[in-house]
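To start, the structure itself, in structure tokens.
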Amino acid sequence: MRMQLETCLAQAGGRSDPRTGSLSTPIHQTATFSHPRLGESTGYDYSRTTNPTRSALEKALAEIDGGARACAFASGMAALDAVVRLVIESKRRRVVCTEDPYGGTIRLLEQFFRPVGVVPVYVDTSDTRAVLRELDAGDVAALVAEIPTNPLMRVADVATLADAAHAAGATMVLDNTFLTPYLFKPLQHGVDIAVYSATKYLSGHNDVVAGAAVCRSEEMGTRLAAIQNAGGGIPGPMDSWLLLRGLKTLAIRMDRQQENAQAIAAFLAGHPRVARVYYPGLAGDPGHERLRRQARGFGGMLSIEVDDPDLVPRALAAVKVFAFAESLGGVESLITFPTVQTHAAMDAAIKDRLGINNRLLRLSIGIENVADLIADLDDALR
Ligand SMILES: Cc1ncc(COP(=O)(O)O)c(C=O)c1O
Numbered sequence: 001m002r003m004q005l006e007t008c009l010a011q012a013g014g015r016s017d018p019r020t021g022s023l024s025t026p027i028h029q030t031a032t033f034s035h036p037r038l039g040e041s042t043g044y045d046y047s048r049t050t051n052p053t054r055s056a057l058e059k060a061l062a063e064i065d066g067g068a069r070a071c072a073f074a075s076g077m078a079a080l081d082a083v084v085r086l087v088i089e090s091k092r093r094r095v096v097c098t099e100d101p102y103g104g105t106i107r108l109l110e111q112f113f114r115p116v117g118v119v120p121v122y123v124d125t126s127d128t129r130a131v132l133r134e135l136d137a138g139d140v141a142a143l144v145a146e147i148p149t150n151p152l153m154r155v156a157d158v159a160t161l162a163d164a165a166h167a168a169g170a171t172m173v174l175d176n177t178f179l180t181p182y183l184f185k186p187l188q189h190g191v192d193i194a195v196y197s198a199t200k201y202l203s204g205h206n207d208v209v210a211g212a213a214v215c216r217s218e219e220m221g222t223r224l225a226a227i228q229n230a231g232g233g234i235p236g237p238m239d240s241w242l243l244l245r246g247l248k249t250l251a252i253r254m255d256r257q258q259e260n261a262q263a264i265a266a267f268l269a270g271h272p273r274v275a276r277v278y279y280p281g282l283a284g285d286p287g288h289e290r291l292r293r294q295a296r297g298f299g300g301m302l303s304i305e306v307d308d309p310d311l312v313p314r315a316l317a318a319v320k321v322f323a324f325a326e327s328l329g330g331v332e333s334l335i336t337f338p339t340v341q342t343h344a345a346m347d348a349a350i351k352d353r354l355g356i357n358n359r360l361l362r363l364s365i366g367i368e369n370v371a372d373l374i375a376d377l378d379d380a381l382r
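The sequence shown begins at 1 in this note's numbering and counts up one residue at a time.
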């Protein structure tokens, strides 16, 4: 029987221990495994290479995204680092990246890959023609996009970009952290590798740092697993288990988070101190139609521009239900000031041009009572 996504999620990691029938995946807190005799192995040798708890997680991640193979990592950045290493095996030099990604993505490309010969190129991935121009210029190892982008919530036409990337001989990589496979299945739209900060919605409780990359082809998955083993940026058994447990409730968390986000976006759109709301769930948002056509929902992230920069420190100090903290996707609502937190690594002139300014706040909406969240924001903004 082919199970629906909600069922796969709820049963993630289930029945991975036929010996005992343990419903919850056992936490194999071990570095190594004893061998029966020379030349024989239980299938597990050393936990950097494989560990049964991590294997259960990776199997679930591949299944949920419909990929051939998934690799779990110690963080979202460790996952992206391994993926960039994989795509540059092609010896092509240019990595075309969305111009407003998570700030750490720029830091990784600029500070660690540019010095070894990689040429990062930034483009507005919601502007398909601009992306095509960069792909036409040739020598592209990969196109790296986010959907929606962080924090400006721009929406790319993923299938068109994936086709164009393939025509240019490049690998299509999508950071799907914001939507998760529950709302958007990148591999069904031609993406080769879906990347996640699993710290966010996949684990969902602001209690673990982890990452994941899911490959459409077995061949890429095998190469990525080799990089994962060589570099060793893996999650430990306990973090793998926490992530598996988080996956079980992804569907209901995400439903509630986006329901709350939709109501909060509508409220903020009419707020006297809010100059602009960035949320593709709003009918007037530039990405609304495009995301509606591609995805099952709009997610639980939104950004706002307030009318006065002096309001920002006051609002951040005044919130009581929202926590002023970096990160997103957990059950607790968070408010972030991107220009000094998540996007500190981005060039100031680029931030200015894009609108990642001293009036922009990013909200990660949790599962709390929506009336409490709205009242908290209203109090803080007034
Ligand atoms: C969209 C996105 N991708 C990647 C990352 C990096 O993930 P991690 O913090 O788990 O390394 C983040 C972190 O905020 C993010 O928001």
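Glycine residues also receive a C-beta, built at the ideal position from the N, C-alpha and C atoms.
query: Contact the segment 163-171 vs the segment 40-52: 3+ CB pairs below 8 Å; result: no
query: Leu108 and Leu80 closer than 8 Å at C-beta; result: yes
query: Stretch-stretch touch, CB-based, cutoff 8 Å, three pairs: the segment 77-94 with the segment 193-201; result: yes
query: Simplified DSSP assignment, three categories, for Leu23; result: coil
query: Any non-hydrogen atom of ligand 1 within 7 Å of Tyr102 CB; result: yes
query: Within 8 Å, strictly: CB atoms of Gly104 and Thr177; result: no
query: Reduced DSSP secondary structure (H/G/I, E/B, other) of Ile365; result: coil
query: CB contact below 8 Å: Ala68 versus chain C; result: Note that chain C does not occur in the displayed structure, where there is just one protein chain.
query: Beta-carbon gap between Val121 and Val158 smaller than 8 Å; result: no
query: Buried versus exposed call for Gln258 [16 or more other C-beta atoms within 10 Å across all chains shown]; result: buried
query: Phe322 classed as buried or exposed, judged by whether at least 16 other C-beta atoms fall within 10 angstroms; result: buried
query: Candidates Gly233, Pro313 and Gln11, of which the one nearest Glu63 by Cα; result: Gln11
query: Nearest candidate by alpha-carbon position, reference Ile106, set Val131, Phe33, Val123 and Pro286; result: Val123
query: Nearest neighbour of Leu242, chosen from Val209, Ala263, Gly270 and Ala251 [CA to CA]; result: Val209
query: Coil, strand or helix - Phe267 by DSSP; result: helix
query: Thr42 (DSSP reduced to helix, strand or coil); result: coil
query: Segments assigned alpha helix (DSSP H), at least 4 residues, entirely inside the segment 106-165; result: 128-136
query: Option nearest Gly67 by Cα separation, candidates Glu146, Pro18, His35 and Glu218; result: Glu218
query: C-beta atoms of Gly330 and Gly299 nearer than 8 Å; result: no
query: Proximity test, Asp207 beta-carbon vs ligand 1 heavy atom, cut-off 7 Å; result: no
query: Thr49 Cβ short of 7 Å to ligand 1 heavy atom set; result: no
query: Arg93 versus Asp65, Leu135, His189 and Arg69, residue with shortest Cα-Cα distance; result: Leu135
query: Backbone secondary structure at Tyr182 - three-state DSSP; result: helix
query: Within 8 Å, strictly: CB atoms of Ile356 and Asp100; result: yes
query: Which listed residue (Val319, Ala317 and Ile335) has its alpha carbon closest to that of Ala325; result: Ile335
query: Under 8 Å between C-beta atoms of Ala266 and Cys71; result: no
query: CA-to-CA distance, Ser55 to Phe73, given in whole angstroms; result: 12 Å
query: For Val83: DSSP bridge partner residues; result: Answer by DSSP bridge pairing: none, since Val83 is not bridged.
query: Inter-residue CB distance, Pro286 and Thr53 (contact presumed, cutoff 8 Å); result: Not a contact, Cβ separation roughly 43 Å.
query: Sequence-distant residues of its chain with Cβ nearer than 6 Å to Pro181 (five each side left out); result: Ile64 and Asp65
query: Close beta carbons around Thr149, own chain, < 6 Å, minus the five adjacent residues each side; result: Thr98 and Asp100
query: Thr342 beta carbon near ligand 1 (any heavy atom closer than 7 Å); result: yes
query: Anticipated Cβ contact below 8 Å, Ser327 with Thr199, distance rounded; result: 6 Å
query: N-terminal and C-terminal residue of the alpha helix (DSSP H) that Glu305 is part of; result: Counting along the chain, Glu305 falls outside any alpha helix (DSSP H), though it belongs to the beta strand (DSSP E) covering Met301 to Val306.
query: Assigned secondary structure, Gly246 (DSSP; H/G/I helix, E/B strand, else coil); result: helix
query: Anticipated Cβ contact below 8 Å, Leu179 with Gly13, distance rounded; result: Leu179 to Gly13, Cβ: 22 Å. No contact.
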